[in-house]
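Take a look at the structure below.
Have a look at this one:
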């Protein structure tokens with residue numbers, strides 16, 4: 083039986099075409115609908131009289147940074163998911179499997195509870211929390227012979243993740259209700275409400291560089307499907323590859339999570355969707371995952387803004403609502419071939 | 239390709255050495271079969287030769303260059319390994335798996351060159367897997383899969399081919415098919431080091447046989463010299479009858495079941 087690769091050749095180009103459409107739709111749709119003509123006017127000419135000033139402010143200050151942040155976060159999570167599933171050769175791996183999300187949540191909760199003004203401290207706290215978690219996990223998985231055991235890596239990731247989740251729960255308990263509690267919970271559920279040009283400016287170079295480097299490692303990721311020794315025998319050193327992948331995933335996921343909270347399911351599901359579209363070859367898989375992850379989060383965020391408008395749903399709820407049934411559908415229909 | 243192992247010792251932990259002072263030289267173009275009981279160190283020895291493991295003491299040289307001095311990529315350009323089993327990670331086609339054998343010869347972003355293409359096609363021809371090219375690696379049988387991994391190893395165009403019990407899980411037809419291909423490559427001049435349990439097949443495929451026992455080399459020599467009743471009794475602790483193959487004249491090792499309550 084030949085593998086199913088429906089759009090192997092054209093996948094990347096179709097998706098590349100979908101990107102501007104998604105971004106444009108993300109700017110147009112919201113509690114206040116903005117006609118495409120006004121979007122174009124606001125983007126092209128900053129002083130045009132033909133566009134209402136309110137629309138111009140919404141487009142330039144709110145919607146544009148928000149869709150860009152959404153796209154970047156979605157890409158970062160999807161690419162990290164590809165890297166983790168490739169590293170662990172396990173379809174259930176996600177960027178959060180190493181405790182990054184739990185660490186980030188603890189850091190964010192600490193920042194919210196300790197800092198009066200948390201606008202700056204929140205992403206910083208989340209980033210530090212994520213980094214601390216992964217350093218502990220990585221440290222635990224190094225044996226006496228200085229080699230990293232992938233098996234120990236997963237187990238310590240689960241354990242450290244549980245530890246940090248408990249710490250977060252404890253912090254929530256200490257906060258004893260109130261506004262700060264809902265701040266923490268809202269952050270954990272994930273959302274793009276904090277989007278700003280600053281966050282886009284920080285994330286854009288990181289996500290672009292990180293994605294390109296993961297893509298540059300795609301041949302090595304392919305070799306790793308032969309197992310660690312199999313990779314070694316075709317000239318790919320599994321230990322240094324593992325270090326690169328862990329480092330890249332940490333930076334990509336930690337910055338994405340710091341900006342947008344722990345948005346679930348993108349890092350787990352998008353790599354599978356991409357694999358169904360273009361097959362397991364990482365040279366195609368990485369760019370396709372980056373583009374489809376970005377588009378998926380932009381559309382999910384759009385839904386989050388309008389479903390209960392003017393109230394805003396945490397986007398993590400939407401991604402899980404769409405992602406979980408889809409993942410179950412894949413499990414049912416493709417079974418062991420996943 | 240010439241390999242020299244000099245007095246190598248190795249243990250996964252310091253207290254229990256698995257390889258104890260092995261000396262073995264493999265001449266260029268020679269084919270050597272490693273045999274011995276489970277746990278005698280055959281796989282470990284192959285891992286030491288392929289550079290996956292490093293010996294605690296002693297030296298391993300490939301064409302007079304210590305293996306320590308070679309990068310992973312340089313090693314992969316010269317030697318290839320077929321393992322007993324490999325994980326089947328994702329849904330690659332058979333041809334894509336064979337093409338992975340070209341990784342050590344290819345620049346990171348290079349497309350498949352004419353040279354790569356020829357190596358892949360030739361390897362699939364040699365491993366008799368042409369007809370499987372577009373099938374999923376997950377959808378082929380165990381016997382076919384071992385030939386796919388052999389094809390991948392051949393696409394590496396190695397000068398030394400290492401095989402770690404490649405036929406253990408195969409049925410008779412696939413065993414014969416697989417070993418015939420290995421023998422063909424050996425005849426064509428490839429240096430082969432194979433760990434194998436089937437002594438009768440080993441006698442046909444290898445120039446020399448090395449019997450390992452508890453991490454030491456018990457006997458090394460031609461199949462006729464090594465596969466004697468007393469050597470097999472000493473190394474495996476089993477009474478066998480040793481005969482001659484009626485057609486080929488090679489050594490046959492014939493075990494007999496021994497009921498415990500007779």
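Protein chains in written order, with this note's numbering: chain A, 83 to 420; chain B, 239 to 500.
Note that the Cβ used here is the ideal one computed from N, Cα and C, for glycine as well.
Since the model is a prediction, treat every value here as computed from it, not as a measurement.
If I measure Cβ to Cβ from residue 152 of chain A and keep anything under 6 Å in the same chain, skipping five residues before and after, which residues do I get?
The residues are 274, 379, 380, 383.
Worksheet entry | For residue 120 of chain A, the three-state DSSP class (helix, strand or coil) | helix
Run through chain B and tell me which residues come within less than 8 Å of residue 192 of chain A, C-beta to C-beta.
Ordered by position in chain B, no residue passes the 8 Å Cβ test against residue 192 of chain A, which lies about 38 Å from the chain.
| request: Quick one: measure Cβ to Cβ for residue 295 of chain A and residue 330 of chain A, integer angstroms, because I've assumed they're closer than 8 Å. | output: 6 Å between Cβ atoms; contact.
| message | For residue 272 of chain B, list the residues DSSP reports as bridge partners. | response | B:433, B:448
Quick one: complete beta strand (DSSP E) runs, 3+ long, within the stretch 291 to 373 of chain B?
As far as the stretch 291 to 373 of chain B is concerned, its whole beta strand (DSSP E) runs of at least 3 residues are 295 to 300, 317 to 320.
Task: The beta strand (DSSP E) enclosing residue 250 of chain B, as first and last residue numbers - done: 241 to 251
* To do: Output the distance between the C-alpha atoms of residue 418 of chain A and residue 328 of chain B, rounded to the nearest integer angstrom.
  => The predicted position of residue 418 of chain A is uncertain, since its pLDDT is 44 and thus under 50; no value can be drawn from it.
Checklist entry - Is residue 491 of chain B helix, strand or coil by DSSP? => result strand
I'd like the span of the beta strand (DSSP E) that includes residue 478 of chain B, first residue to last.
478 to 482
Task: Top-ranked residue by Cα proximity to residue 413 of chain B, from B:385, B:390, B:393, B:424 - done: B:385
Could you tell me how far apart the beta carbons of residue 337 of chain A and residue 284 of chain A are, in whole angstroms, since I believe they sit closer than 8 Å? 7 Å
Going straight from the alpha carbon of residue 304 of chain B to that of residue 261 of chain B, what length do you get?
15 Å
### Task
Helix, strand or coil for residue 418 of chain A, going by three-state DSSP, please let me know.
A caution first: residue 418 of chain A carries a pLDDT of 44, below 50, which makes its placement in the model too unreliable to give a value.
Check your understanding: What residue from A:149, A:147, A:178 has the CA that sits closest to residue 162 of chain A's CA?
Key -> A:178
CB contact below 9 Å: residue 342 of chain B versus chain A | yes
request  = Pull up the distance between the alpha-carbon of residue 203 of chain A and that of residue 277 of chain A, whole angstroms please.
outcome  = 15 Å
Discussion item. Going by C-alpha to C-alpha distance, which of B:318, B:461, B:375 sits closest to residue 388 of chain B?
Written reply: B:318
For residue 481 of chain B, which residues in the same chain have their Cβ closer than 7 Å to its Cβ, ignoring the five residues on either side in sequence? 490, 492
Item to complete: Apply the 10 Å Cβ neighbour rule to residue 358 of chain B and answer buried if 16 or more other Cβ atoms are within range, or exposed otherwise.
Response: Residue burial is scored here from C-beta neighbours: residue 358 of chain B has at least 16 other C-beta atoms within 10 angstroms and is therefore classed as buried.
On the CB-based measure, 16 or more other CB atoms within 10 Å of its CB, does residue 256 of chain B come out buried or exposed?
It is buried - the Cβ of residue 256 of chain B has at least 16 other Cβ atoms within 10 Å.
I'd like the ranges of any alpha helix (DSSP H) spanning at least 4 consecutive residues and lying wholly in the stretch 394 to 431 of chain B. 410 to 425
Residue burial classification, residue 407 of chain A (beta-carbon count within 10 angstroms, cutoff 16) = exposed
Residue 257 of chain B lies in the beta strand (DSSP E); which residues open and close that run? 254 to 264
**Report entry** Spatial distance of residue 292 of chain B from residue 375 of chain B (CA atoms)
**Finding:** 32 Å
- By a C-beta neighbour count over all protein chains shown, 10 Å radius and 16 as the cutoff for buried, is residue 145 of chain A buried or exposed? buried
Considering just the uninterrupted stretch of the alpha helix (DSSP H) at residue 301 of chain A, what are its terminal residues? 300 to 306
Check your understanding: Does any CB atom of chain B fall closer than 9 Å to the CB of residue 318 of chain A?
Key -> yes
Quick check: what's the CA-CA separation for residue 420 of chain A versus residue 362 of chain A?
Confidence is the limiting factor: at residue 420 of chain A the pLDDT is only 48, short of 50, which leaves the residue's position unreliable, though a coordinate-based value still follows. Each residue's Cα considered, the two are about 11 Å apart.
Assigned exposure category for residue 316 of chain A - 16 Cβ within 10 Å defines buried:
buried
| Span of the beta strand (DSSP E) holding residue 143 of chain A? | Note, residue 143 of chain A: premise wrong, no beta strand (DSSP E); not H, not E.
Please state whether the Cβ-Cβ distance between residue 298 of chain B and residue 244 of chain B is less than 9 Å. yes
Integer Cβ distance of residue 270 of chain B from residue 445 of chain B, believed to fall under 8 Å:
7 Å
Counting beta carbon pairs with one atom in the stretch 237 to 257 of chain A and one in the stretch 174 to 191 of chain A, are three or more of them shorter than 8 Å?
yes
Just mark residue 353 of chain A as buried or exposed, buried being the case when its beta carbon has 16 or more other beta carbons within 10 Å.
buried
Less than 9 Å between the beta carbons of residue 380 of chain B and residue 361 of chain B, yes or no? no
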